[in-house]
Structure formats: structure tokens, C-alpha cells
Amino acid sequence: MKRIVLVPDSYKGSLSSSEVCHIMKHTILEALPECDVVCIPVADGGEGSVDCFLEALGGHKSYLTVTGPFGEPMRSFYGECGNFAMIEMAACAGLPLVKGKENPLQATTFGVGELILDAISKGFPQIIIGLGGSATNDAGCGMAAALGVKFYDQDNVEFVPSGGTLHKISRIDTTHIDPAVRNTKIIAMCDISNPLYGEEGAAWIFGPQKGADHNMIRFLDQGLRHFSKMVKKDLGADIAFLPGSGAAGGLGAGLVAFLDATMQMGIDTVLELTGFSEIARSADLVITGEGRLDSQTQRGKVACGVGKAARRVGVPAIAIVGSIEPGFFDFDSLGLSAVWDTVVAPMQLADALAFTKDNISMMTRNAIRFCQSFSK
Numbered sequence: 385m386k387r388i389v390l391v392p393d394s395y396k397g398s399l400s401s402s403e404v405c406h407i408m409k410h411t412i413l414e415a416l417p418e419c420d421v422v423c424i425p426v427a428d429g430g431e432g433s434v435d436c437f438l439e440a441l442g443g444h445k446s447y448l449t450v451t452g453p454f455g456e457p458m459r460s461f462y463g464e465c466g467n468f469a470m471i472e473m474a475a476c477a478g479l480p481l482v483k484g485k486e487n488p489l490q491a492t493t494f495g496v497g498e499l500i501l502d503a504i505s506k507g508f509p510q511i512i513i514g515l516g517g518s519a520t521n522d523a524g525c526g527m528a529a530a531l532g533v534k535f536y537d538q539d540n541v542e543f544v545p546s547g548g549t550l551h552k553i554s555r556i557d558t559t560h561i562d563p564a565v566r567n568t569k570i571i572a573m574c575d576i577s578n579p580l581y582g583e584e585g586a587a588w589i590f591g592p593q594k595g596a597d598h599n600m601i602r603f604l605d606q607g608l609r610h611f612s613k614m615v616k617k618d619l620g621a622d623i624a625f626l627p628g629s630g631a632a633g634g635l636g637a638g639l640v641a642f643l644d645a646t647m648q649m650g651i652d653t654v655l656e657l658t659g660f661s662e663i664a665r666s667a668d669l670v671i672t673g674e675g676r677l678d679s680q681t682q683r684g685k686v687a688c689g690v691g692k693a694a695r696r697v698g699v700p701a702i703a704i705v706g707s708i709e710p711g712f713f714d715f716d717s718l719g720l721s722a723v724w725d726t727v728v729a730p731m732q733l734a735d736a737l738a739f740t741k742d743n744i745s746m747m748t749r750n751a752i753r754f755c756q757s758f759s760k
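Using this note's numbering, the first residue of the sequence shown is number 385, and each one after it goes up by one.
Rendered as C-alpha cells:
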């Protein structure tokens, strides 16, 4: 085999996509020293997404002071990658920034809007915004306010809504939004399809990890419902059940409503921007992977996106995964020719995580030997 393309996802709680790429590449080159191994680290929109894009495409980080999740000034960043900017909302409104102080009633996305403004001021025609790991539930109202959108309560007093004050919105005015925003293509990148509100919405599904109890979740959900009604009334946009509108505490909905953003699955974004199809077309094999392969993998996860994209250009794809859901064998529907499981014997999760590096290396070696036997 002369060329192998690696596009693994992260193994949650264990290894990043870049680390998995490094392990696989090192193992492959031990067996095939002359092989051209191409690594494409995968970003899912959450923390680390900017680093993945910079590693795959080149570029650098731009640093600036913005508003943090609770209104405090903080140092944040975004990536400058050629003709587009990559923003991960978690860089100024993410859970790691509020550890031990989680409060989705108060957390704001105002800093996200400031990052967008800075990128626009530099003339980027396209901005990709990663929606993952958020501490917020403000439906992107903070972000919108930073860009010039004005929100008024029933007494016609202007305010910046947070998750706890969405229900106070009486009127939305977008006439003061920065004109340059209208000329910028915005892509909202996420790997979930949850609606804005309801049982599968932002508050009920993701509220608990942001520190919300049952009563708070109910209150947050009601706020998102009210926000949706105001957007439909004042902007004419129906964003309630748009797939992904519930991402990042409703920031997905806000980006579509205020910036006319395009919602796109993370893996689709990565494959498009890295030119995966052209790279893979000349490859002998594509290897992907993730922490767990299951029935949810078909809903926009990395292994499925990579497998189907490889199949479209006529190149076989295999996956090396941390575990496989019992009873799930429909690998062909994912575009995968074969799957290797890194858990080689019954063990506790902690033990499996401890040996992840060694097991990925071992299974990569096994997979390469197996595939080599068919290419001779």
C-alpha cells in the first residue's frame, strides 16, 4: 500500500483526534516505511476544534480580550485558516471555564459575538463556528447583542438576555446589526440534531451537565420556547425544530435566526475544507475510528461520514474503535468494509482507557497486515 489516509475522531475521555492520528501513523510507518500516511485530525465543534483545523490546514491563532461566560473580561482566541476563520464557542463560553460555578441562567455568549466581530474586521469572507461544550443557554442572544441586535422587555427597556431572562423578551430589533455581518458566510458546525426546546431540546438534554436541576431545566425550556415565538414574530424565522438549533444552549438557533447561518455536521465541514475526496481518491485505504461504534454513529458521527465519503470515491475504509454496541453489525451502512475493536478482553472502563494507546497501535498493526494480504 502506497498511501493511507487517517481520519479518526477523538476517543472521548482518553485521546484527541490528533493523538490517535499520531499513534496510527507511527504504527503504519513501522510496518510500511515507504507509505505516504496523510493525517486529517477531526474537529467536532467543541474544545480543541481550532487546533484540529490549524493542524490539518495550517494557519495561526489570533488572541484578544472578550467577555467571558459571566461577563468578566478574559483572554480568548480563534483560528485564522487561509480564507476563513474558525471559532470554537467554548473558547469564551465553554464548560471548562465555569467548572464548579455552572449557572446556565446567567452564562452568556456575548464573547462569541466579539470573536465574530474581530474576525469580520479582518475581512474573512467565511467564519466557521464550532458549537460544542457550552456553558450557556441563552439561545445566542448574548452573541447577537454583541453584533448590534437589540432586545427590549415589556417596558421597552433594552437588555441583554441570558438563559434566565429569555422570557422577558418583548421585542427584537435587528436593524442595528453590523452591516459587514450580512456579507459574511457563517457556518454553524455541530454534531447533534436536537431541536431548540422540548424533551429533546437544549435544556432538557444538555441542561444537567451545565448545572441545571429539574426546576431550572423546566424554566430554561420555557425561556427557549418564548424566544422562539419572539423570533417568529419579529424576524419571521421558524427555528424551533431546525435540526441542531438546540446546539450550544440554543446558539445554533441564534446563529440561524440572526446571522442566516448554515447548519452543518462537523465531519462534513472537515471533509469539505480539507479536500478529503481528492486526497482519498489516490489512496489505497482510509482508516477512521472513534470511542464507540453504535446505532447513533449513523447520525452524523465521524466514522459514518468518513466511511461514506471514502466509498463515494471508490476507496475502502475501515474503523478502529474503542468498543462496539452489542448487536450492532451493520458496518456496511456506514461505508465501512471492516471494524476492529481495541478492547481485546473483558475489563473495567478505567483499564480500557489506560491501555487505549497500546490497543490502538496493536489493532492498527493487525488491520494493516490483514489489508496487505489482499493487496499483494
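Glycine is no exception: its CB is placed at the ideal position from the N, C-alpha and C atoms. Quantities reported herein were computed from a predicted structural model and do not represent experimental measurements.
Check	Outcome
Does the distance from the CB of V426 to the CB of G650 come in under 9 Å?	yes
Whole angstroms is fine: what's the gap from Y462's alpha carbon to R609's?	31 Å
Is there contact between the region 522-531 and the region 427-440, where contact requires at least three CB pairs shorter than 8 Å?	no
When the Cα atoms are used, what is the spatial distance from T451 to K685?	32 Å
Run through DSSP, which three-state label would P563 get?	helix
Kindly indicate the opening and closing residues of the beta strand (DSSP E) around S446.	H444 to T451
Here's the rule: buried if 16 or more other CB atoms are within 10 angstroms of the residue's CB, otherwise exposed. What is A415?	exposed
If you run the structure through DSSP and keep just helix, strand and coil, what is C688?	helix
Residues in its own chain within less than 8 Å of M385 by CB, not counting five upstream and five downstream?	L416, C419, D668, L669, I752, C755, Q756 and S759
Along the chain, where does the beta strand (DSSP E) containing D557 start, and where does it finish?	R555 to D557
Pick helix, strand or coil for S374, following the three-state DSSP scheme.	Here the chain has residues from 385 to 760 only, and residue 374 is not among them.
Give a yes or no on whether the C-beta atoms belonging to Q490 and G585 are separated by under 9 Å.	no
Below 8 Å, can you find three or more Cβ-Cβ pairs linking the region 638-654 to the region 594-609?	no
Relative to the alpha-carbon of C574, which residue among Y536, T653, V544 and G507 has its alpha-carbon at the smallest distance?	T653
In whole angstroms, what separates the C-alpha of F625 from that of G607?	15 Å
Using the beta-carbon count (16 or more within 10 Å), is V541 buried or exposed?	exposed
From the DSSP output, which residues share a beta bridge with R387?	D420
Identify, in the order they occur along the chain, each residue of the same chain with its Cβ nearer than 6 Å to the Cβ of D502, setting aside the five sequence neighbours on each side.	L448
Closest to N578 by CA distance: which of A693, L635, I504 and H410 is it?	L635
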